[in-house]
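Note that the working numbering numbers the sequence shown so that position 500 is 494, with each residue one more than the last.
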Amino acid sequence: MIRNALTVGAWTLGSRVLGFARDILIAALLGAGPAADAFFVALRLPNLFRRLFGEGAFSAAFIPAYTATLSHEGEAPARRLAEDITAIMVVFLFVLMALGMIFMPAVLDALAPGFRAEPAKFALAVHLSRITFPYLWLICLCALFAGVLNARGHFAAASAAPILFNVSIIGALFILHGNGERVPEALAYGVVISGIVQFAMLGRALVKAGTPLRLRMPRLTPGAVTVLRRLGPGLIGAGVTQLNLTVDTIIASLLPNGTVSVLYYADRVNQLPLGVIGAALGTVLLPSLSRHFRRNETLQAQGALNRALEFALLLTLPGAAALGAIGLPIMRTLFAHGAFSDADAARSAAALAAYAFGLPAFVLVKLFAPGFFARGDTRTPVKIGLAAVALNLALNLMLMHPLQQVGIALSTSTAAWFNVAMLALLLRRHGGFAPDRRLLGRVIRIVIASAAMAIMLVTLRATPLMHLPGSLALIGLIGLGIGGFGVIGLGIGAFRVAEVRGLLRRPAKGAAALDGVKG
-5 MIRNALTVGA WTLGSRVLGF ARDILIAALL GAGPAADAFF VALRLPNLFR
45 RLFGEGAFSA AFIPAYTATL SHEGEAPARR LAEDITAIMV VFLFVLMALG
95 MIFMPAVLDA LAPGFRAEPA KFALAVHLSR ITFPYLWLIC LCALFAGVLN
145 ARGHFAAASA APILFNVSII GALFILHGNG ERVPEALAYG VVISGIVQFA
195 MLGRALVKAG TPLRLRMPRL TPGAVTVLRR LGPGLIGAGV TQLNLTVDTI
245 IASLLPNGTV SVLYYADRVN QLPLGVIGAA LGTVLLPSLS RHFRRNETLQ
295 AQGALNRALE FALLLTLPGA AALGAIGLPI MRTLFAHGAF SDADAARSAA
345 ALAAYAFGLP AFVLVKLFAP GFFARGDTRT PVKIGLAAVA LNLALNLMLM
395 HPLQQVGIAL STSTAAWFNV AMLALLLRRH GGFAPDRRLL GRVIRIVIAS
445 AAMAIMLVTL RATPLMHLPG SLALIGLIGL GIGGFGVIGL GIGAFRVAEV
495 RGLLRRPAKG AAALDGVKG
């Protein structure tokens, strides 16, 4: 299973790298001003749906029902279930898309209430949002196609599709922008083009996998009703991080110009490890947990979750420590070009440190939530998720003025840790989570090694290393940080080379590492 997770992670990493190239171009052309704020608000709803549907929420509702139908009834009934869901989504999403485009000013009043004070900025945001809104229809159907492919063990195509999102936007930026005033519009058209390309790619992948889906008249069959009942709660339960980021956008629109943009850039850096680790492990973990629970293999399910948690924390805890310690060099090197100033980089770096505090929690939510979804329980994550959103909103209102963008990011991170604590507590109470001695011991050692690495990185920032050109200094810091964590981690037993090598070597070993129950 780890092998499959690494496949997903590799494609996700490629997408994130291209995403950085895209954002570097946007930062250089738009900076962190009103036009950038308008575009990022226009991107928020499509991005929300892309991440909700593309990073596990739809799979959480669809895959258990699809795999159960495939196992118990066979290929034809499973395909009919997928076709029924496709037909229902086509109709529902088309109506949603049409209503959204007609009433976009009202949607923007809710999503960015602070923009009303600047008519030109509000008008631009409405125009861009109307261009990008059809992407919702396309990306939700893409999520269905990806769910079918993932359930059948075909992870590569679904994981590669997001790369096309970034390629399309970069291409549109070069082809359509013409002059600086058309940059936001070119970006918006690039979003829609990416949806069309992803839809075509995943449709072709289904045909190659021998499971083409035909468009039928919508039918509310028992199987379709089961999926739809789980989908709404699943979107909230698995998508709390994205809902909190949407709340952040709403609050940020009430603060000075550029706040939406600097939070976006900070979140983009934080999303690199979050997307690569959390989405990859969460995508592969859900089918495994579903199989174990269907066979009443509780110990195997607990063992798979423990090993996934251990692997995730081995990557996210040092990652969070590094982002907090060298956030400013990262933001300056990546984005401080063209219209993006050093002051913008400093504001983004401060927000990044606050987001980094919650990075492990953002990933752990993606691992604990499938433990409920695999058992058919979508209500518990929803209740906890809604409580986390309420906590985030309350903290935002308390901290937005004294701490500005840092308060908004810190609120989101705190809410994420609350979410993780409640999910872990209730999953353990229901027998789905039983941390073993190996997990607890490794976590303590990883925390120690991460803290030592962070201290080393902060110290290095005061040395002549920082006099090197920006990119070389950052590469040096990252290299020394990885080396330092590796030496310290090996020395105190935070991980073992043989175990990591085993995860990377063969699919059988990778599955054993994640599905094993021995400590």
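Where is the CB? At the ideal position from N, CA and C, for every residue including glycine.
- By a beta-carbon distance limit of 8 Å, Asn238 contacts Asn386. Their separation comes to about 5 Å.
- By alpha-carbon distance to Ala218, the top candidate from Leu391, Tyr60, Leu130, Gly475 is Tyr60.
- For Met211, the three-state secondary structure derived from DSSP is coil.
- Boundaries of the alpha helix (DSSP H) around Ser407: 373 to 423.
- Going by beta carbons, Val85 and Pro212 fall inside the 8 Å limit.
- The DSSP-derived three-state label of Glu67 is coil.
- Look at Ala119 here: in three-state DSSP terms it is helix.
- Using a 10 angstroms sphere on the CB of Leu209, the tally of other CB atoms stays under 16, which defines it as exposed.
- For Phe127, there is no enclosing alpha helix (DSSP H), since its DSSP letter is neither H nor E.
- The beta carbons of Leu346 and Gly321 sit closer together than 8 Å.
- Glu304 counts as buried, since at least 16 other C-beta atoms from the protein chains shown sit within 10 angstroms of its C-beta.
- Its Cα nearest to that of Thr63, the residue Val221 stands out among Val221, Ala111, Ala30, Leu158.
- Of the candidates Ala150, His148, Gly184, Gly184 places its Cα closest to the Cα of Ile163.
- Closest by C-alpha distance to Arg73, out of Leu421, Gly473, Ala145, Ala306, is Ala145.
- Contact between Ile482 and Met447 is confirmed by a C-beta separation of about 7 Å, below the 8 Å threshold.
- Here Glu304 carries a helix assignment [DSSP, helix/strand/coil].
- When rounded, the separation of the alpha-carbon atoms in Gly379 and Asn413 is 6 Å.
- Nearest neighbour of Ser444 by Cα position, chosen from Thr372, Gly426, Pro396, Ala488, turns out to be Ala488.
- Annotation: the continuous alpha helix (DSSP H) that includes Met447 extends over 431 to 454.
- Taking a cut-off of 8 Å for Cβ pairs, the segment 149 to 162 and the segment 66 to 83 do not touch, as fewer than three such pairs fall below it.
- Here Ser65 is exposed, its C-beta having fewer than 16 other C-beta atoms within 10 Å.
- Straight across, the Cα-Cα distance linking His331 with Ala388 is about 35 Å.
- Comparing C-alpha distances from Leu167 to each of Ser153, Ala155, Gly147, Ser188 shows the shortest one belongs to Ser188.
- Taking a C-beta distance under 8 Å as the contact criterion, Gln296 and Ala344 do not qualify as a contact pair.
- In this structure His148 is in contact with Ala199, their Cβ atoms being roughly 7 Å apart against a cut-off of 8 Å.
- Judged by beta-carbon spacing, Ala150 lies beyond the 8 Å limit of Leu196, meaning their Cβ atoms are not closer than that value.
- Just so you know, the alpha carbons of Ala409 and Val357 end up roughly 13 Å apart.
- Sequence-distant Cβ neighbours of Ala418 in its own chain, meaning closer than 7 Å and more than five residues away, are Phe362, Phe427.
- Across the structure, Arg124 and Gly94 are spaced so that their CA atoms are roughly 8 Å apart.
- Minimum Cα-Cα distance from Phe56 among the listed residues Thr372, Val120, Gly435, Gly68 corresponds to Thr372.
- Bounds of the alpha helix (DSSP H) holding Asn160 are 150 to 170.
- When DSSP states are grouped into helix, strand and coil, Ala347 belongs to the helix group.
- Distance from the CA of Phe116 to the CA of Leu12, rounded to the nearest whole angstrom, comes to 29 Å.
- When secondary structure is reduced to three states using DSSP, Ala29 falls in the helix class.
- Sequence-distant Cβ neighbours of Leu23 in its own chain, meaning closer than 6 Å and more than five residues away, are Val177.
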